[in-house]
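Asks: Numbering (UniProt numbering), first residue to last: 1 to 473.
#1: Here's the rule: buried if 16 or more other CB atoms are within 10 angstroms of the residue's CB, otherwise exposed. What is residue 130?
#2: Is residue 25 buried or exposed, if buried means 16 or more other CB atoms sit within 10 Å of its CB?
#3: Helix, strand or coil for residue 77? Go by DSSP, reduced to three states.
#4: Looking only at C-alpha atoms, which of 245, 191, 80, 17 sits nearest to residue 377?
#5: For residue 150, is the classification buried or exposed, using 16 other Cβ atoms within 10 angstroms of its Cβ as the cut-off for buried?
#6: Once DSSP output is grouped into helix, strand and coil, what is the label at residue 270?
#7: Just to confirm the assignment: which complete beta strand (DSSP E) runs, minimum length 3, are found wholly within the region 366-410?
#8: Helix, strand or coil, according to DSSP, for residue 87 in the structure here?
#9: Along the chain, where does the alpha helix (DSSP H) that runs through residue 434 open and close?
#10: First and last residue of the beta strand (DSSP E) that includes residue 209?
#11: Please return the same chain residues whose Cβ sits closer than 6 Å to the Cβ of residue 90, not counting the five positions on each side in sequence.
#12: Run the CB neighbour count on residue 471, radius 10 Å, all protein chains shown included, and call it buried at 16 or more, exposed below.
#13: Please classify residue 117 as buried or exposed, where buried requires at least 16 neighbouring CB atoms within 10 angstroms.
#14: Between which two residues does the beta strand (DSSP E) holding residue 296 run?
#15: Could you compute how far the alpha carbon of residue 13 sits from the alpha carbon of residue 331?
#16: Near residue 122, what residues of its chain come up, given a Cβ to Cβ distance below 7 Å and the 5 sequence neighbours on each side ignored?
#17: For the candidate residues 17, 440, 237, whose alpha-carbon lies nearest to that of residue 223?
#18: Less than 9 Å between the beta carbons of residue 126 and residue 186, yes or no?
#19: Could you please give the first and the last residue of the uninterrupted alpha helix (DSSP H) stretch that includes residue 527?
#20: How should residue 385 be labelled, buried or exposed, when 16 other C-beta atoms within 10 angstroms of its C-beta is the threshold for buried?
#21: Within a Cβ cutoff of 6 Å, which residues of the same chain sit near residue 357, ignoring the five residues on either side of it in sequence?
#22: Tell me which residue opens and which closes the alpha helix (DSSP H) that residue 314 is part of.
#23: Given this structure, state the Cα-to-Cα distance separating residue 69 from residue 35, to the nearest angstrom.
#24: Buried or exposed: residue 263, going by 16 or more other Cβ atoms within 10 Å of its Cβ?
#25: Where does residue 122 fall in DSSP's three states?
#26: For chain D, is any of its Cβ atoms less than 9 Å away from the one on residue 84?
#27: What is the DSSP secondary structure of residue 229, counted as helix, strand or coil?
This is the structure:
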């Protein structure tokens with residue numbers, strides 16, 4: 001079966017709320033006026049993964065003296081990381097104990113960096129409250145958690161199942177909900193502000209050459225060197241790291257069936273007058289007739305947010321209510337009006353919002369936008385060396401779950417690149433990393449995994465068949 005490639009990021013896009021306070025230093029930024037002709041390492045993509053890769057290269061003495069260039073098709077952090085739901089919530093039973101531990105470690109790493117550098121990105125440490133709206137999805141969750149208690153009791157001990165209506169009320173969940181799970185150690189944040197803080201720091205310290213509005217249209221390879229073609233000219237490097245997620249197949253066509261672009265819907269909603277802040281971050285499974293394989297998701301900005309203290313409800317999802325195509329779509333210039341309408345109305349039904357809600361049928365939107373996720377065919381990210389393309393590396397395919405993965409996936413690629421450059425075999429490097437919990441084995445790119453994944457139903461077939469997918473979180 002032939003699969004359509006993603007298209008490059010569109011020059012314009014719907015207006016994400018997260019971009020309402022842009023980083024003035026980085027808008028239109030090009031560290032050098034001209035695109036360098038050569039570099040030692042080129043990173044493509046300035047979201048959480050590409051920025052983390054640049055950061056870990058700067059922090060690793062093995063990379064001292066290397067010329068590192070980061071290319072971004074749009075403005076810095078203008079793709080999925082700048083358009084997501086603001087969650088950093090680990091999922092503890094969906095993909096195995098090693099993945100759960102990795103996501104917990106990732107969230108801790110993000111929080112530690114923010115605290116160490118006092119990053120002004122509205123980080124809140126919260127619990128993750130995942131709601132289940134039918135008896136079937138609740139029973140399936142309880143079954144998976146029971147299995148987790150057997151195979152990974154230390155992880156399962158962090159999970160709490162809530163079915164008592166009074167306890168649901170404490171978490172501001174509607175009593176119509178069947179039940180929920182509660183996990184500590186999640187976070188909510190303004191993702192764009194975190195990423196641009198890191199990028200600005202790296203550029204000002206002279207550790208990174210950032211070239212925005214420089215889309216890569218093609219990569220040609222010869223003699224273990226890769227030439228990246230852009231409208232501004234070419235740049236050649238022996239090592240290239242693709243942090244392109246949903247757009248990967250636009251420049252790596254043979255991944256078109258493995259990492260598929262999917263458009264997601266987001267909104268920033270004004271809370272009811274005189275309402276108090278919600279205690280948790282939330283996911284809603286099968287709420288209000290939505291498909292069980294497409295969650296809705298919610299965080300709330302703090303009322304103390306500066307300079308914008310409105311306490312917006314950052315709510316995304318609504319895939320089941322939408323009428324426009326989403327699977328295989330890499331165009332985020334469009335809003336699905338039916339998904340947007342669902343998002344404006346749903347919180348009044350699935351949450352116990354206090355304040356002045358009498359007679360209110362839908363919440364007013366401060367912003368509505370879309371973003372492009374990268375869905376993985378086998379439901380795990382793809383991290384490592386691209387087979388038969390020496391020096392070409394990839395990290396992407398997070399299936400809407402990039403924030404609890406992207407930071408340490410970026411670090412993992414850096415550790416593989418520098419470990420191999422130091423003379424270690426890539427298999428040896430990866431084996432050590434898996435043993436230490438630095439990357440789940442299921443994330444590694446191998447020829448065997450590519451072949452096995454292609455035996456799975458396509459992403460579209462899985463979605464139509466009800467296989468669980470995440471959202472733009």
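All residues carry an ideal CB built from backbone N, CA and C; glycine is no exception.
Replies: Let me lay it out:
#1: buried
#2: Exposed, since its Cβ has fewer than 16 Cβ neighbours within 10 Å.
#3: coil
#4: 245
#5: By the 10 Å Cβ count, residue 150 comes out exposed.
#6: coil
#7: 382-385, 392-396
#8: strand
#9: Unbroken alpha helix (DSSP H) run through residue 434: 426-436.
#10: 209-211
#11: 103, 104, 107, 404
#12: Caution is warranted here: a pLDDT of 48 is assigned to residue 471, below 50, making its placement in the model unreliable, and no coordinate value can be reported.
#13: exposed
#14: 296-300
#15: Spanning the two alpha carbons is a distance of roughly 8 Å.
#16: 189, 190, 301, 302, 305
#17: 237
#18: In terms of Cβ geometry, residue 126 and residue 186 form a close pair [threshold 9 Å].
#19: Since the displayed the chain opens at 1 and closes at 473, residue 527 lies outside it and no answer follows.
#20: buried
#21: 272
#22: Note, residue 314: premise wrong, no alpha helix (DSSP H); beta strand (DSSP E) at 313-316.
#23: 9 Å
#24: buried
#25: coil
#26: The chain inventory of the structure shown lacks chain D, comprising one protein chain alone.
#27: strand
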